[in-house]
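Per the working numbering, residue 159 is the first one in the sequence shown, and the count goes up by one each step.
Glycine included, every Cβ here is placed at the ideal spot set by N, Cα and C.
For clarity, every value in this text was computed on a predicted model and none was experimentally measured.
The structure appears right after this line, and notes come after that.
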Amino acid sequence: GRFSIGDFFARRIRRLAAAYGLCFLPVALLADQFFLRSEMALVAKNFLGSILFFNNFQLMTADGYFAGPNELNPFLHTWTLSIEEQFYIAIPLIVLLLQRQPHRFVWMLCAVFTVSLALALFSGDWLLTKDARYFSTSFRVWQIAAGGLAFLALHHGEGRVALPGGAVLGVGLILAPVFLIGGSFLYPHWVTLLPVLGAVLIILCGAPGHSPTGRVL
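Printed below as a string of structure tokens:
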């Protein structure tokens, strides 16, 4: 019955701050020692984008002769964290905007899920280039909305869904794309549904107290 934006962000900071320091600062210092001076501008730019949660937008536009390959960017992996934190920045504001009404929040998540998934499945490469759509928040937020809907399902249930073998199936769906995804794929696309559905099944069915798969995980 209570919700505090301040407490929400304080929990996010406590959860992330130590991991940020242990990852980002040593990487930046090592890059300063081993990268060429001409490469450090890109490193500094992506370091700033990582700590301010907009690195995925930088990677969307990182093309051109002098951009360099993304594979040599030591902060490449932080694009997912940027999208996650954009979601966490927006969610408490949306909760207040919707006057803390749970049914409105559910409809909002359903709408976001539908629109974002439709963009990912049906837009092809006419809206964004192959690389840009990979890093785009608009093409990824449906995945986080699916997690939000799974949480709400658990919150209003008994903390789990009784679906025998659901968690094992979830693990299988997460692993399946390893053998299905090729370099020619426009990603995210239909195959992205498999690991997202797998993750949702584990969230719903993999409670450690009720699932051997959950206990192993």
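Legend entry - Segments of 4+ residues assigned as alpha helix (DSSP H) that fall wholly inside the region 209 to 287: Counting only runs that start and end inside the region 209 to 287, the alpha helix (DSSP H) elements of at least 4 residues fall at 213 to 218, 237 to 255, 260 to 280.
Legend entry - N- and C-terminal bounds of the alpha helix (DSSP H) containing G330: Here the alpha helix (DSSP H) through G330 covers 324 to 333.
Legend entry - Span of the alpha helix (DSSP H), counted from its first residue to its last, around W300: Boundaries of the alpha helix (DSSP H) harbouring W300: 299 to 313, taken from the DSSP string.
Legend entry - Cut-off 8 Å between Cβ atoms - residues of its own chain near R170, not counting five sequence neighbours on either side: Excluding residues within five positions, the ones whose Cβ falls inside 8 Å are E243, Y246.
Legend entry - Stretch pair the region 297 to 306 + the region 269 to 285: three plus CB contacts closer than 8 Å: As far as the Cβ criterion goes, the region 297 to 306 touches the region 269 to 285, which means the pair count is three or higher.
Legend entry - Burial state of Q259, where buried means 16 or more other Cβ atoms lie within 10 Å: The residue is exposed, with fewer than 16 neighbouring Cβ atoms inside 10 Å.
Inset, instruction - Flag this pair as yes or no: are the beta carbons of F233 and F263 separated by less than 8 Å? - result: No.
Inset, instruction - Check whether the Cβ atoms of L352 and L331 sit closer than 8 Å, and answer yes or no. - result: Judged by beta-carbon spacing, L331 lies within the 8 Å limit of L352, meaning their Cβ atoms are closer than that value.
Inset, instruction - Measure the C-alpha to C-alpha separation of F337 and L355 and round it to an integer number of angstroms. - result: Their Cα atoms are separated by approximately 17 Å.
Legend entry - Nonlocal neighbours in the same chain, by C-beta distance under 7 Å from P366, ignoring five residues either side: Excluding positions up to five away in sequence, the list reads G372, R373.
Inset, instruction - Starting from the C-beta of F212, find all residues in its chain whose C-beta is less than 7 Å away, skip the five residues before and the five after it, and write them out in chain order. - result: Counting only Cβ-Cβ distances below 7 Å, and skipping sequence neighbours, we find S240.
Inset, instruction - Report yes if the CB atom of I360 is closer than 8 Å to the CB atom of V319, and no otherwise. - result: Contact flag unset, no.
Inset, instruction - Taking A269 as the reference, give the member of H235, W237, D190, L307 with the closest Cα. - result: Here the closest residue by C-alpha is L307.
Inset, instruction - Assign Y223 to buried or exposed, taking buried as 16 or more other Cβ atoms, counted over all protein chains shown, within 10 Å of its Cβ. - result: In this predicted model, Y223 has a pLDDT of only 39, less than 50, meaning its place in the structure is not dependable; the value taken from the coordinates is given anyway. With fewer than 16 Cβ atoms within 10 Å of its Cβ, Y223 is classed as exposed.
Inset, instruction - Give me the Cα-Cα distance between A168 and L254, rounded to the nearest whole angstrom. - result: Cα to Cα, A168 sits roughly 17 Å from L254.
Inset, instruction - With DSSP collapsed to three states, give me the class of A189. - result: Under the three-state reduction of DSSP, A189 is assigned to helix.
Legend entry - Distance, A276 Cα to I249 Cα: Just so you know, the alpha carbons of I249 and A276 end up roughly 21 Å apart.
Inset, instruction - With DSSP collapsed to three states, give me the class of L296. - result: What sits at residue 296 in the sequence shown is Ser, not Leu. Of the three classes helix, strand and coil, the one that applies to S296 here is coil, per DSSP.
Legend entry - Cutoff 8 Å; reference P256; Cβ partners in own chain excluding five residues on either side: The sequence shown places Leu at residue 256, not Pro. Same-chain partners within the cutoff: R262, F263, M266.
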